[in-house]
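Each protein sequence line maps, in turn, to chains A and B.
Sequential numbering of the first sequence, starting at 1, is according to the working numbering.
Sequential numbering of the second sequence, starting at 114, is according to the working numbering.
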Amino acid sequence: GENVEQHPSTLSVQEGDSAVIKCTYSDSASNYFPWYKQELGKGPQLIIDIRSNVGEKKDQRIAVTLNKTAKHFSLHITETQPEDSAVYFCAASRGTGRRALTFGSGTRLQVQP
Amino acid sequence: EAGVAQSPRYKIIEKRQSVAFWCNPISGHATLYWYQQILGQGPKLLIQFQNNGVVDDSQLPKDRFSAERLKGVDSTLKIQPAKLEDSAVYLCASSLEGTGVGEQFFGPGTRLTVL
Chain A
1 GENVEQHPST
11 LSVQEGDSAV
21 IKCTYSDSAS
31 NYFPWYKQEL
41 GKGPQLIIDI
51 RSNVGEKKDQ
61 RIAVTLNKTA
71 KHFSLHITET
81 QPEDSAVYFC
91 AASRGTGRRA
101 LTFGSGTRLQ
111 VQP
Chain B
114 EAGVAQSPRY
124 KIIEKRQSVA
134 FWCNPISGHA
144 TLYWYQQILG
154 QGPKLLIQFQ
164 NNGVVDDSQL
174 PKDRFSAERL
184 KGVDSTLKIQ
194 PAKLEDSAVY
204 LCASSLEGTG
214 VGEQFFGPGT
224 RLTVL
């Protein structure tokens, strides 16, 4: 089955700096790669996703890049703000049938004001 | 649009007791998932339904866990008997059925503590 590895496990940045989180996956059939933000006591919330026919996607301060050959994808957050502090999860999924997500182990991001 | 609803939000039980969790997905979402999230880890799939049929339950500990999706809408997840290692947050998610993978919307989860 799919295996997703995520690093770093913790990341501390100063407000206004950039943050980068990286993930690798094992299943070459995976073609959907979402990123979720989870705040304390809440369920994961989708912040951005990318599909295998796209190499990069950007939404305001958040961007995701995908390298299918190397089987890795990354989340980039620019101009970080204290409200970006949370746990971030990457995930991977196949396109049809068993669409369940395989999650990474999470990155705790702390933005210091 | 109302989100995924789950209840209860918290549950404390003793080992060997039974417990049930309830999930109401977003209206019109054909696919429903139950995930288990142990503290400090990412969610792990337990079972996936499409309408009221099971698509994937390969990671569900069937000797103690069971799940059903009544009439293709609400779902219940049951644990009987509970073990200490079942302490976790149980997340329900739903997504639209379609030709490709769609966004999964998560509920707030049920935090289970087994003493």
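Note that the Cβ used here is the ideal one computed from N, Cα and C, for glycine as well.
Query                                                                                                                  : Result
Top-ranked residue by Cα proximity to B:T144, from B:Q150, B:Q130, B:S131 and B:V168                                   : B:V168
Separation of A:C23 from B:L159, as counted between CA atoms                                                           : 22 Å
Under 7 Å (Cβ pairs) to chain A, residues found in the region 160-187 of chain B                                       : Q161, V168 and D169
Per-residue contacts from B:T144 into chain A (C-beta, under 8 Å)                                                      : R99
Chain B contact residues for A:K42, given Cβ-Cβ distances below 7 Å                                                    : P221
For B:I139 and A:V13, the rounded distance between their alpha carbons                                                 : 36 Å
DSSP state of A:E39 mapped onto helix, strand, coil                                                                    : coil
A:T54 burial status per 10 Å Cβ neighbour count (16 or more: buried)                                                   : In the sequence on display, residue 54 of chain A carries Val and not Thr. A:V54 comes out exposed.
8 Å Cβ cutoff met for B:T223 and B:Q119                                                                                : yes
Supposed contact pair A:Y36 and A:A92 - C-beta distance, whole angstroms, cut 8 Å                                      : Wrong, their Cβ atoms sit about 12 Å apart, outside the cutoff.
C-alpha gap between A:A118 and B:K184, whole angstroms                                                                 : With chain A running from 1 to 113 in the structure shown, residue 118 of chain A is simply not present.
Residue from A:G1, A:S9 and A:E2 with nearest C-alpha to A:F89                                                         : A:S9
Residues of its chain near A:D49, where Cβ-Cβ distance is below 6 Å and the 5 sequence neighbours each way are ignored : P34
Bounding residues of the beta strand (DSSP E) (the contiguous stretch that carries A:V54)                              : Careful: A:V54 lies outside any beta strand (DSSP E) and carries neither H nor E.
Residue from A:D27, A:V20 and A:L11 with nearest C-alpha to A:E2                                                       : A:D27
Coil, strand or helix - A:D59 by DSSP                                                                                  : strand
Contact list for A:S105 against chain B, beta-carbon separation under 9 Å                                              : G153, Q154 and G155
Check whether B:K128 and B:L228 have beta carbons under 8 Å apart                                                      : yes
Close beta carbons around A:H7, own chain, < 7 Å, minus the five adjacent residues each side                           : K22
Contacts that B:Q149 makes with chain A (C-beta to C-beta distance below 7 Å)                                          : Residues of chain A passing the Cβ test: none, with the nearest at roughly 11 Å.
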